[in-house]
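See structure below.
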Amino acid sequence: MHRRTLVKSAAALGLAGGLGFNAFAAGKIKPGAKAALIVVDVQNCFLDGGTLAVKGGNEVIPVINALAPAFENIVVTQDWHTAGHASFASTYSGKKPFETTKLSYGTQVLWPDHCVQGTDDAALGKELKVPTAQLVIRKGFHKDMDSYSAFEEADHKTATGLAGYLKARGIKTVYVTGLATDFCVAWTAMDARKAGFDAYVIEDATRGIDLNGSLAAAWKQMAAKGVKRIQSADIQAA
Ligand SMILES: [Zn+2]
Numbered sequence: 000m001h002r003r004t005l006v007k008s009a010a011a012l013g014l015a016g017g018l019g020f021n022a023f024a025a026g027k028i029k030p031g032a033k034a035a036l037i038v039v040d041v042q043n044c045f046l047d048g049g050t051l052a053v054k055g056g057n058e059v060i061p062v063i064n065a066l067a068p069a070f071e072n073i074v075v076t077q078d079w080h081t082a083g084h085a086s087f088a089s090t091y092s093g094k095k096p097f098e099t100t101k102l103s104y105g106t107q108v109l110w111p112d113h114c115v116q117g118t119d120d121a122a123l124g125k126e127l128k129v130p131t132a133q134l135v136i137r138k139g140f141h142k143d144m145d146s147y148s149a150f151e152e153a154d155h156k157t158a159t160g161l162a163g164y165l166k167a168r169g170i171k172t173v174y175v176t177g178l179a180t181d182f183c184v185a186w187t188a189m190d191a192r193k194a195g196f197d198a199y200v201i202e203d204a205t206r207g208i209d210l211n212g213s214l215a216a217a218w219k220q221m222a223a224k225g226v227k228r229i230q231s232a233d234i235q236a237a
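Take 0 as the starting number for the sequence shown in numbering that gives the first Met the number 0 and just add one per residue.
Below, the structure written as structure tokens:
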């Protein structure tokens with residue numbers, strides 16, 4: 000391309016003049032006071048050596064640690080189950096982890112016992128560094144109901160209170176990270192849309208479980224609900 004053509008196209012894009020080439024950096028997302036980073040379930044249970052370890056789960060930690068300073072508002076979630084929880088295969092005789100069962104609110108995937116309240120397994124990963132996080136929201140604490148989403152429990156009715164908290168603080172947009180992409184991250188992002196927020200999933204700050212094609216299915220469902228898929232490099236560093 001000739002220089003003249005380049006300058007012309009730059010002008011057409013509104014990049015000419017004082018903005019210069021810094022304008023390209025300005026194309027990145029700069030989360031402000033009305034945005035929140037949501038760090039979903041970065042807990043020992045979902046990390047290497049945990050009771051429900053997500054493959055590559057530990058790899059999200061450095062990405063989230065690097066993103067955190069760019070956000071004024073951060074919410075952290077914890078899966079927080081009772082012993083003998085309805086989502087545990089061990090609760091039912093003859094059921095194995097990763098099979099399903101029917102519960103009052105629909106089909107429930109049965110998991111190994113994981114993230115039991117107060118155990119080290121349920122604690123946040125030690126390497127996770129989000130000291131400015133303002134809210135830790137726990138979910139899945141009703142014995143008879145699961146809660147993948149940080150907004151609503153599995154009956155799609157019982158609120159966790161997160162939507163009210165974010166709205167009361169004037170937050171309009173959420174950026175969802177953590178574990179696992181195809182379950183708690185996806186349900187959180189889709190319920191954020193349902194509650195009226197703009198929602199992004201930062202893909203390289205998540206890892207999936209991918210149970211019978213669930214990862215591809217989750218991305219498709221999220222796209223259909225208007226959840227946007229971005230990478231951590233799309234966020235302007237602090
Ligand atoms: Zn769980």
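Backbone N, C-alpha and C fix where the C-beta goes; we use that ideal spot for every residue, glycine too.
Leaving aside the five residues that flank His-80 on each side, the residues in its chain whose CB is nearer than 6 Å to its CB run, in chain order, Cys-114, Val-115, Gly-139. By the Cβ rule, the region 201-219 counts as touching the region 177-191, because three or more pairs are nearer than 8 Å.
In terms of Cβ geometry, Tyr-174 and Ile-136 do not form a close pair [threshold 7 Å].
The C-beta distance from Val-41 to Ile-63 rounds to 7 Å, short enough to fall under 8 Å. About 6 Å separates the beta carbon of Ile-37 from that of Ala-149, a gap short enough to meet the 8 Å contact definition.
Taking one beta carbon from each stretch, the region 100-108 and the region 46-55 have fewer than 3 pairs nearer than 8 Å; the two do not touch. At least one heavy atom of ligand 1 falls within 6 Å of the beta-carbon of Asp-78.
Not one heavy atom of ligand 1 sits closer than 6 Å to the Cβ of Gly-163. Contact check for Gly-83 against Thr-90 passes: the beta carbons are separated by less than 7 Å. No heavy atom of ligand 1 is found nearer than 6 Å to the CB of Gly-56.
Nearest to Glu-152 by C-alpha distance, out of Gly-163, Val-129, Asp-190, Gln-133, is Asp-190.
Around the beta carbon of Thr-99, fewer than 16 other beta carbons sit within 10 angstroms, so the residue counts as exposed. Residue range 197-206 is occupied by the beta strand (DSSP E) that includes Ala-204. For Ala-69, the closest of Leu-51, Ala-217, Phe-97, Thr-131 by C-alpha to C-alpha distance is Thr-131.
Within the same chain, Val-41, Ile-60 come within 6 Å of Leu-127 by CB-CB distance, once the 5 residues on both sides are set aside. Per DSSP, reduced to three states, the secondary structure at Thr-50 is coil, with no helix or strand assignment. With fewer than 16 other beta carbons inside 10 angstroms of its own, Thr-157 counts as exposed.
With contacts defined by Cβ atoms closer than 7 Å, Lys-33 and Lys-227 do not form a contacting pair.
Straight-line measurement puts the Cα of Asp-233 at about 25 Å from the Cα of Val-53. In the structure shown, Ala-35 falls within a strand segment according to DSSP collapsed to helix, strand and coil. For Gly-105, the shortest separation between its Cβ and any heavy atom of ligand 1 does not lie below 6 Å.
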